[in-house]
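Asks: Dumping the structure here so I can ask a few things about it.
Number of protein chains: 2
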Amino acid sequence: MAFHDTLRDVQRSQQSLLCVGLDTDAARLPSSLPRTVEGILEFNRRIVEATHELVCAYKINLAFYEVLGEHFWQSVHETLALIPRGIVTIGDGKRGDIGNSSSYYARTLREVYGFTASTVNPYMGTDAVEPFLEDPDHGVFILALTSNPGARDFQHLRLRKSPLYEAVVRKARRWDTRRNCGLVVGATRPRQMQRIRQLAPSMPLLVPGIGAQGGDLRLAVRHGCDRQGEMALFTASRSVLYASSGPDYASAARLAARALRDEINSVRTRR
Amino acid sequence: MAFHDTLRDVQRSQQSLLCVGLDTDAARLPSSLPRTVEGILEFNRRIVEATHELVCAYKINLAFYEVLGEHFWQSVHETLALIPRGIVTIGDGKRGDIGNSSSYYARTLREVYGFTASTVNPYMGTDAVEPFLEDPDHGVFILALTSNPGARDFQHLRLRKSPLYEAVVRKARRWDTRRNCGLVVGATRPRQMQRIRQLAPSMPLLVPGIGAQGGDLRLAVRHGCDRQGEMALFTASRSVLYASSGPDYASAARLAARALRDEINSVRTRR
């Protein structure tokens, strides 16, 4: 089943457009947990148990796991095993290389880890992205307009008629021949998000930036969803994971995730 | 010592501007070796033994190792351990993420693995690149104009006055406050390389594309070196690693590497 259909189904059955980012940092674990790989996995287990009914997806940012060195693969593998089937898993590695090398990254994300979807950096163009798109079941979120300050440096640069990120969006629409391609669009720029949704009415948008980065959730929901009020994933990481630094971290994460899910649903159903 | 100085020293003591890419693929190992992690490490050991006198650097493309899953960290770690001290090691991961996440990638490349230098994707801008640049000892090669077909899709797009990759080059010059920043510039586009060398007269250029990708080595050397005929690294991977598929692969790799080193030196000393 093409990723677009999988995503819509999961969002309907879960009644949620929330994606929790498992960007787990040993240095920020509650003091009740050891600052080890075991501590990280126990934390992830309790967070997933507390939030899996409230989300459509989990996003695993590989940066936070690769730093574990020899425990990298195991920590990602075991975290994925904690996530119930039927929830979308996004391998957030922002990879991208010449075609021959990108095919290895694509195989790693799809087969070695078994993620449902990946994030991909478009700077190197079609042959860097194509290996990720080969399997229609696998979702590919192309970085278009990211949520960070550095997005200004290149993504907003004006081409003859439009900024670079719009060229990325147009190209991604052409790449989307198998209904598995999406876009990363930060919540920190709602006006531009509205424009991107016009350019790509049916592609899924992965939307970071609503928590610690300060994007306006309600505006992002209004502009990011498709006409059915679906096909956007609003990602929160730190604001859920570290909602409490005490031993009640899991229940605090559940409350934070529920509040986000409900706020998203309240805006999207009003359309 | 700032990376620029380290690189110049190594290139002088080794009398070489050649960088061998250890993009080792289990499926392409000689039939005398098992298609396992042990086979890959034995292959790398023999290749490094046969070529280390002929190179200034080895580049390890992480795509080829991450696909090994649970053996990823170990295979990179043990390959790095094979490389004699005094040779530059480049962690070719093309990473880049929002500042908070990029700081983990930077720590991984610099400290967890211990590479001398990294390749970084500029699409997400300053805060994505800055964590890699913090340590002057660590070299950072920013993807500017890559060697693959997809480079056409975005890197060549015209801004008001110049193509996107030139904006990346100008920005990288501003990022280079610690004399540790360089650029990735494919050998497949010599005219543009000449222009980039004018814009960045003293930055090191990492130049892929001279082997299997078909770039013109002589033109690349002529346009890529600085005024002293240094500060460019010409990378060959497949054309060295797989110079022979028989049991003589190591000596064939040595011959291929020596021919490349000598050809590079013959062009650069004629300036």
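Protein chains in written order, with the working numbering: chain D, 1 to 271; chain R, 272 to 542.
Cβ atoms here follow ideal geometry from the backbone N, Cα and C, with glycine treated the same way.
Fair warning: this is a prediction, and the values are worked out from it, not measured in the lab.
1. Less than 7 Å separating the Cβ of residue 335 (chain R) from some heavy atom of the ligand GTP?
2. Using a Cβ-Cβ distance under 8 Å, would residue 160 (chain D) count as near chain R?
3. Are there 16 or more other CB atoms within 10 angstroms of the CB of residue 302 (chain R), so buried, or fewer, so exposed?
4. Check this for me: beta carbons of residue 87 (chain D) and residue 138 (chain D), under 8 Å apart or not?
5. If you measure beta-carbon to beta-carbon, which residues of the region 414-429 of chain R are closer than 8 Å to chain D?
6. If we call anything under 8 Å between Cβ atoms a contact, is residue 226 (chain D) one with residue 334 (chain R)?
7. Going along the chain, which residues of its own chain have a beta-carbon closer than 7 Å to the beta-carbon of residue 246 (chain D), five neighbours each way excluded?
8. Taking a cut of 9 Å between CB atoms, which residues from the region 512-528 of chain R lie near chain D?
9. Who are residue 139 (chain D)'s beta bridge partners in DSSP?
10. Would you please verify whether the beta carbon of residue 315 (chain R) is less than 8 Å from any beta carbon of chain D?
11. In chain D, what lies closer than 8 Å to residue 335 (chain R) by C-beta?
12. Terminal residues of the continuous beta strand (DSSP E) containing residue 330 (chain R)?
13. Given a cut-off of 8 Å on the beta-carbon distance, is the pair residue 419 (chain R) and residue 106 (chain D) in contact?
14. Name the two residues that bound the continuous alpha helix (DSSP H) containing residue 361 (chain R).
15. Determine the chain D residues that contact residue 497 (chain R) at a beta-carbon separation under 7 Å, and present them in chain order.
16. Are the Cβ atoms of residue 495 (chain R) and residue 474 (chain R) separated by less than 8 Å?
17. Would residue 159 (chain D) pass as a contact of residue 428 (chain R) if the rule is Cβ separation under 8 Å?
18. Looking only at C-alpha atoms, which of R:401, R:424 and R:524 sits nearest to residue 153 (chain D)?
19. Residues in the same chain with beta-carbon distance under 7 Å from residue 178 (chain D), minus the five sequence neighbours each way, listed in chain order, please.
20. Below 8 Å on the Cβ atoms is my contact criterion, and I expect residue 471 (chain R) with residue 440 (chain R) to pass it. Report the Cβ-Cβ distance as a whole number of Å.
21. List, in chain order, every chain R residue whose beta-carbon is nearer than 8 Å to that of residue 74 (chain D).
22. Helix, strand or coil, according to DSSP, for residue 152 (chain D) in the structure here?
23. Measuring only the C-alpha atoms, how far is residue 18 (chain D) from residue 285 (chain R)?
24. Can you tell me which residues form a DSSP beta bridge with residue 207 (chain D)?
25. Less than 8 Å between the CB atoms is what I'm expecting for residue 346 (chain R) and residue 339 (chain R), so what's the real figure, rounded?
26. Just reading off the alpha helix (DSSP H) that residue 495 (chain R) is part of, what are its end residues?
27. Counting along the chain, where does the beta strand (DSSP E) carrying residue 182 (chain D) start and finish?
28. Taking Cβ-Cβ distances shorter than 8 Å, what residues in chain R pair up with residue 127 (chain D)?
29. In the DSSP assignment, find the beta strand (DSSP E) that holds residue 440 (chain R) and state where it starts and stops.
30. Give me the residue from R:309, R:325, R:350 and R:504 with the minimum Cα distance to residue 390 (chain R).
Replies: Taking the structure as given:
1. Among the ligands in the structure shown, none appear at all, so the ligand GTP cannot be discussed.
2. Walking along the first sequence from the start, residue 160 (chain D) turns up at place 160. So yes, residue 160 (chain D) belongs to the interface.
3. The sequence position of residue 302 (chain R) within the second sequence is 31, counting from 1. With fewer than 16 other Cβ atoms within 10 Å, it is exposed.
4. The residue given as residue 87 (chain D) occupies position 87 in the first sequence. The residue given as residue 138 (chain D) occupies position 138 in the first sequence. The answer is no: Cβ separation not under 8 Å.
5. 414, 417, 418, 419, 420, 421, 422, 423, 424, 425, 426, 428 and 429
6. Taking the first residue of the first sequence as 1, we reach residue 226 (chain D) at position 226. Taking the first residue of the second sequence as 1, we reach residue 334 (chain R) at position 63. No, the pair does not count as a contact, with Cβ atoms beyond the cut-off.
7. Your numbering for residue 246 (chain D) matches position 246 in the first sequence. Cβ within range, chain order: 30.
8. none
9. On the first sequence, position 139 is the one that residue 139 (chain D) refers to. The partner list for residue 139 (chain D) (beta bridge, DSSP) reads D:117.
10. As a first step, residue 315 (chain R) must be located in the second sequence, where it is residue number 44. Chain D, which has no Cβ nearer than 8 Å to the Cβ of residue 315 (chain R), makes this no.
11. Reading the second sequence from its first residue, position 64 is the one you call residue 335 (chain R). Near residue 335 (chain R) (Cβ distances below 8 Å), the residues of chain D are 101 and 104.
12. Counting from one through the second sequence, the residue named residue 330 (chain R) turns up at place 59. Segment 328-332, the beta strand (DSSP E) holding residue 330 (chain R).
13. Along the second sequence, read from residue 1 onward, the residue named residue 419 (chain R) stands at position 148. Along the first sequence, read from residue 1 onward, the residue named residue 106 (chain D) stands at position 106. Result no, Cβ atoms of residue 419 (chain R) and residue 106 (chain D) do not sit closer than 8 Å.
14. Here the question's residue 361 (chain R) lines up with position 90 in the second sequence. No alpha helix (DSSP H) holds residue 361 (chain R); the beta strand (DSSP E) holding it covers 359-366.
15. Taking the first residue of the second sequence as position 1, residue 497 (chain R) is located at position 226. Simply none; closest approach about 25 Å.
16. Within the second sequence, numbered from 1, the residue matching residue 495 (chain R) stands at position 224. Within the second sequence, numbered from 1, the residue matching residue 474 (chain R) stands at position 203. Their beta carbons are not under 8 Å apart, which means residue 495 (chain R) does not touch residue 474 (chain R) by this criterion.
17. For the purposes of this step, residue 159 (chain D) is identified with residue 159 of the first sequence, where counting begins at 1. For the purposes of this step, residue 428 (chain R) is identified with residue 157 of the second sequence, where counting begins at 1. Cβ atoms of residue 159 (chain D) and residue 428 (chain R): closer than 8 Å.
18. One-based indexing of the first sequence puts residue 153 (chain D) at position 153. Here the closest residue by C-alpha is R:401.
19. On the first sequence, position 178 is the one that residue 178 (chain D) refers to. Around residue 178 (chain D): 2, 133 and 136.
20. As a position in the second sequence, residue 471 (chain R) is number 200, starting the count at 1. As a position in the second sequence, residue 440 (chain R) is number 169, starting the count at 1. Correct: roughly 6 Å between the Cβ atoms.
21. Here residue 74 (chain D) corresponds to residue number 74 of the first sequence, with the count starting at 1. Within 8 Å Cβ-Cβ: 341.
22. Stepping through the first sequence from its first residue, residue 152 (chain D) is reached at position 152. Looking at residue 152 (chain D) - three-state DSSP - the assignment turns out to be helix.
23. Along the first sequence, read from residue 1 onward, the residue named residue 18 (chain D) stands at position 18. Along the second sequence, read from residue 1 onward, the residue named residue 285 (chain R) stands at position 14. Roughly 55 Å separates the two Cα atoms.
24. By 1-based counting over the first sequence, the position of residue 207 (chain D) is 207. Answer is D:234, bridged to residue 207 (chain D).
25. Position 75 of the second sequence, counting from 1, holds the residue named residue 346 (chain R). Position 68 of the second sequence, counting from 1, holds the residue named residue 339 (chain R). Going by Cβ atoms, the distance from residue 346 (chain R) to residue 339 (chain R) rounds to 5 Å, so yes, they are a contact pair.
26. Start at 1 with the first residue of the second sequence, and residue 495 (chain R) comes out as number 224. Looking at the DSSP string, the run of the alpha helix (DSSP H) that includes residue 495 (chain R) is 488-495.
27. Numbered from its first residue, the first sequence carries residue 182 (chain D) at position 182. Looking at the DSSP string, the run of the beta strand (DSSP E) that includes residue 182 (chain D) is 181-185.
28. By 1-based counting over the first sequence, the position of residue 127 (chain D) is 127. In chain order: 419, 420 and 421.
29. Along the second sequence, read from residue 1 onward, the residue named residue 440 (chain R) stands at position 169. No beta strand (DSSP E) contains residue 440 (chain R), which is instead part of the alpha helix (DSSP H) from 435-446.
30. Locating residue 390 (chain R) in the second sequence gives position 119, where the first residue counts as 1. The shortest C-alpha separation from residue 390 (chain R) is found at R:504.
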